[in-house]
Amino acid sequence: MTSYVLRKLLRLGLVLLVVAAASFLLMNLLPGDVALALLGNEATPEAVAQVRAELGLDQPLLMRYLHWLGGFLCGDLGRSYITQVPVMESILDRLPVTIELMLLSQGLALLIAVPTGVLCAYKAGSRIDQLANAVGLFLLAAPVFILAILLMFLFALKLRWLPSTGYVPFMTDPVRNLAHLALPALAIALAEWPSLFAVLRGDMIKTLQQDYIALAKAKGLGPAFILFRHALRPSSFTLVTLSGLQIAATIAGALVVETIFGLPGIGRMLTGAVYNRDMMLVQGCVAVISVGYVLINFGVDLIYALLDPRVRQ
Amino acid sequence: MMDAGLPLLEVTDLATHFHTQRGLLRAVDGVSFSVRRGQTLGIVGESGSGKSALARTIIRILSKRHTTTTGRITFEGRDLLTVSEPDMRDIRGRDIAMVFQDPTSSLNPVKQVGVQIEEVLARHLGLRGRAAQTRAIELLTSVGMPLPQERLHQYPHQLSGGMRQRVAIAIALACEPKLLIADEPTTALDVTIQAQILDLLHRRQKAHHMAMILISHDLGVVAGYTDTVAVMYAGQIVEQASTRSLFRNCRMPYTAALMRSAPNLSDPPHTRLRAITGRPPDMVLPPPGCRFEPRCDDATDICRNRRPALSASDADGTHRYACWHPVASPGASA
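Chains as they are written, first to last, in our numbering: chain A, 319 to 631; chain B, 106 to 439.
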């Protein structure tokens with residue numbers, strides 16, 4: 319187990335370096351001059367040269383990369399070209415909102431998907447299974463913004479149980495913080511549930527045909543014990559993989575939901591930065607999001623090892 | 106034993122039909138037999154003859170949604186087909202236990218060996234913690250597992266095939282069952298391990314005066330370890346006798362063909378084995394007459410049209426066969 323984790327950690331380090339290089343190059347290989355973008359087309363060559371020198375853009379690409387990489391490794395992502403606020407500061411400001419939304423929505427999605435997936439695999443082909451599949455198909459077809467608006471209409475405007483927009487930090491008021499995040503998290507969870515449900519149900523149906531399930535029955539064990547203690551673990555590999563991908567996708571992909579519910583997350587900030595051509599901020603966001611992806615994949619690898627002793631070897 | 110005269114398990118006219126998209130598949134179709142305490146019944150047949158379906162029907166672990174079972178399975182005087190599911194769960198693993206063909210697939214790959222033994226002890230005997238662990242070590246020792254204490258924390262993939270089957274047998278014997286159903290327990294193992302596992306099963310059976318149903322496609326296995334044998338073909342029993350009588354004096358052409366298709370030490374070198382031509386019938390649409398008729402050299406019109414019943418071949422009625430044109434027994438005039 320230890321050597322498995324060490325091997326994965328070594329790979330993690332290498333991947334992070336590649337990711338840093340890629341997110342730097344991506345922004346620098348785009349056509350167009352940042353200084354020109356900042357000053358406008360009417361700028362004099364002298365002014366442009368001055369701004370380029372101030373921003374360090376007159377240095378060779380390799381030097382700029384090494385400089386940026388040094389900063390990246392120390393947690394310094396430079397300053398926004400437009401607001402002059404350190405990029406790291408802006409990101410740290412927004413990141414907790416995104417991470418909380420990500421954990422809440424994925425937790426909620428799994429909380430619904432695991433029991434329904436297990437039950438419908440056990441009762442495959444029954445009425446309840448058919449109903450769950452129909453609901454899943456509907457949710458899969460409905461875009462997330464429709465779900466978000468429906469939820470907001472129902473729970474915020476009609477029933478007035480929850481606030482419709484806005485955000486309160488968790489440290490300021492945990493109850494109001496959760497009230498603000500409940501609907502956005504539920505909207506994302508409902509959109510993610512159908513695929514989680516479908517993969518778990520499918521894998522579980524296959525597991526239930528295995529001989530070791532027949533042996534568990536032959537031991538006289540009851541259905542709940544067999545489903546949750548014998549069948550769930552070997553059936554959850556695709557579920558964990560998919561869940562990791564979905565979590566990673568929410569880092570940047572919760573944009574629509576963040577916009578509808580007025581949440582100050584990374585997704586909204588990134589979109590704003592792209593519109594304003596704030597390359598430093600975009601580059602920083604991309605770097606942080608990529609690191610997030612890589613870390614989540616690392617987490618998924620660790621969960622595989624916890625789930626299956628054969629992976630640890 | 107007080108009721109040594111009565112059979113422990115009596116199966117009467119048992120049928121198991123699977124609901125498939127093509128229609129009803131008659132996996133087991135009108136099977137009757139009985140097993141006494143301390144006895145071993147062998148069930149022989151090709152793959153697909155319904156042996157495993159029969160075993161799984163007896164302990165009722167087939168999906169109710171996809172199967173229909175009719176007939177009677179009397180175990181210690183109770184009809185297992187009418188017992189409630191919770192009562193049946195108490196019987197499974199405690200009174201009737203099962204060993205499956207391939208221990209690589211019948212042990213849960215993500216659970217430690219010890220846990221898989223201890224959960225059956227907890228379920229039926231209420232043993233937990235240290236008591237369960239001590240008993241698990243005893244069980245592993247009794248099935249000849251070296252270093253039993255260390256095995257408890259290993260996973261199935263860390264053991265060899267023979268070791269895995271020993272674990273599966275330890276699980277089956279955990280509650281000292283009255284009946285053990287062993288479904289091809291050595292088919293997935295190396296030949297060198299097969300005899301060890303069969304000897305182990307035989308010893309444990311003698312020690313506990315346990316009844317056993319030994320399912321195999323291998324006549325050699327059945328010959329050495331059983332008291333009586335039932336030959337299954339296409340969901341039905343086609344010949345049933347004491348092991349001695351069957352091997353000396355088989356009457357059903359299918360049994361005879363099975364015996365010819367196995368190598369024999371007394372054959373001269375380079376004798377060709379005679380495989381049975383053709384394949385078993387489609388069990389959704391079985392032939393109306395004798396089910397072996399399409400593959401039988403001796404078949405006539407009556408075989409095609411009428412199904413032969415099991416009839417006695419000897420005076421006391423223990424050797425029975427289902428055939429219109431039985432193979433001549435050595436005693437009868439040829």
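Heads up, the beta-carbon is just placed ideally off N, CA and C, and yes, glycines get one too.
| query | Taking the DSSP output, what are the residues bridged to Gln126 (chain B)? | reply | Paired residues: none, contrary to the question.
| field | Local conformation of Ala519 (chain A) per DSSP, three classes | value | Sequence check: residue 519 (chain A) is Arg here, not Ala. Three-state result, Arg519 (chain A): helix.
| said: Using a Cβ-Cβ distance cut-off of 8 Å, determine whether Met107 (chain B) contacts chain A. | reply: Here the model assigns Met107 (chain B) a pLDDT of 46, short of 50, so the residue's position is not dependable, and the following value carries that caveat. False, the Cβ-Cβ gap to chain A never drops below 8 Å.
| message | Is there a Cβ of chain B sitting closer than 8 Å to that of Ala623 (chain A), yes or no? | response | no
| So is Lys524 (chain A) in contact with chain B if we call contact Cβ pairs under 8 Å? | no
| task | Closer than 7 Å by C-beta to Ser482 (chain A): which residues in its own chain qualify, once you throw out the five before and the five after it? Chain order, please. | result | These residues qualify, in order along the chain: Met470, Ala474 and Leu475.
| task | Look at the alpha carbon of Ile467 (chain A) and the alpha carbon of Leu573 (chain A), and state the distance between them as a whole number of angstroms. | result | 14 Å
| message | Quick check: the Cα distance between Thr179 (chain B) and Gly340 (chain B), rounded to an integer number of angstroms? | response | 20 Å
| In angstroms, rounded to a whole number, what distance separates the CA positions of Pro251 (chain B) and Asp619 (chain A)? | Roughly 34 Å separates the two Cα atoms.
| Using a Cβ-Cβ distance under 8 Å, would Pro487 (chain A) count as near chain B? | The C-beta of Pro487 (chain A) comes no closer than 8 Å to any C-beta of chain B.
| field | Option in B:Gly325, B:Glu398 and B:Pro391 with minimal Cα separation from Met364 (chain B) | value | B:Gly325
| query | Just to confirm, are Leu379 (chain A) and Val366 (chain A) a CB contact at a threshold of 8 Å? | reply | Result no, Cβ atoms of Leu379 (chain A) and Val366 (chain A) do not sit closer than 8 Å.
| Closer than 8 Å to chain B by CB, Leu380 (chain A) | So, not an interface residue.
| task | Enumerate in chain order the residues of its own chain whose CB-to-CB distance from Ala549 (chain A) is below 7 Å, with the five nearest sequence positions on each side excluded. | result | Met522, Thr525, Leu526 and Ile531
| In three-state DSSP terms, what is Val323 (chain A)? | helix
| query | For chain B, is any of its Cβ atoms less than 8 Å away from the one on Asp619 (chain A)? | reply | no
| query | Short check: CB of Ala132 (chain B) to CB of Ala158 (chain B), under 8 Å? | reply | yes
| field | Three-state secondary structure (DSSP) of Tyr359 (chain B) | value | helix
| task | Only counting runs of 3 or more residues, tell me where the beta strand (DSSP E) segments fall wholly within the stretch 140-212 of chain B, in order along the chain. | result | 145-149, 172-180 and 201-204
| message | Taking 8 Å as the threshold (C-beta atoms), are Met317 (chain B) and Pro431 (chain B) in contact? | response | no
| query | Would you say Tyr530 (chain A) reaches chain B, if we count a Cβ-Cβ gap shorter than 8 Å as a contact? | reply | yes
| Beta-carbon separation of Met406 (chain A) and Gly388 (chain A) under 8 Å? | No, the pair does not count as a contact, with Cβ atoms beyond the cut-off.
| request: For Val136 (chain B), write down the residues that DSSP places opposite it in a beta bridge. | output: B:Leu119
| said: Using a 10 Å radius around the Cβ and a threshold of 16 neighbouring Cβ atoms, would you call Ser408 (chain A) buried or exposed? | reply: buried
| message | So for Leu422 (chain A), helix, strand or coil by DSSP? | response | Here Leu422 (chain A) sits in helix by DSSP.
| query | Mind checking if Lys476 (chain A) is an interface residue toward chain B, Cβ cutoff 8 Å exclusive? | reply | no
| Less than 7 Å between the CB of Thr360 (chain B) and some heavy atom of the ligand FMN, yes or no? | This structure lacks the ligand FMN, and indeed carries no ligand of any kind.
| message | Could you compute how far the alpha carbon of Phe616 (chain A) sits from the alpha carbon of Lys326 (chain A)? | response | 7 Å
| request: Please compile the residues from chain B whose C-beta is within a distance smaller than 7 Å of the C-beta of Gly540 (chain A). | output: Arg194
| field | Cβ of Asp521 (chain A) within 8 Å of any chain B Cβ | value | no
| task | Output yes if chain A places a C-beta closer than 8 Å to the C-beta of Ser440 (chain B); else output no. | result | Since the first and last residues shown for chain B are 106 and 439, residue 440 (chain B) lies out of range.
| Cutoff 7 Å; reference Met388 (chain B); Cβ partners in own chain excluding five residues on either side | Non-local beta-carbon contacts of Met388 (chain B) in its own chain, meaning distances under 7 Å to residues more than five positions away in sequence, involve Leu130, Arg131, Ala132, Ala339 and Gly340 in chain order.
| message | Here's the rule I'm using: 16 or more other beta-carbon atoms within 10 Å means buried, otherwise exposed. How should Glu344 (chain B) be labelled? | response | Glu344 (chain B) is buried by the Cβ-count criterion.
| According to the neighbour-count rule (16 or more other Cβ atoms, all chains shown, within 10 Å of its Cβ), is Asp118 (chain B) buried or exposed? | exposed
| For the stretch 533-553 of chain A against the stretch 225-237 of chain B, are there 3 or more C-beta pairs whose distance is under 8 Å? | The stretch 533-553 of chain A is in contact with the stretch 225-237 of chain B.
| request: Compare the C-beta of Leu557 (chain A) with all C-beta atoms of chain B and state if any pair is closer than 8 Å. | output: No - not a single Cβ of chain B is within 8 Å of the one on Leu557 (chain A).
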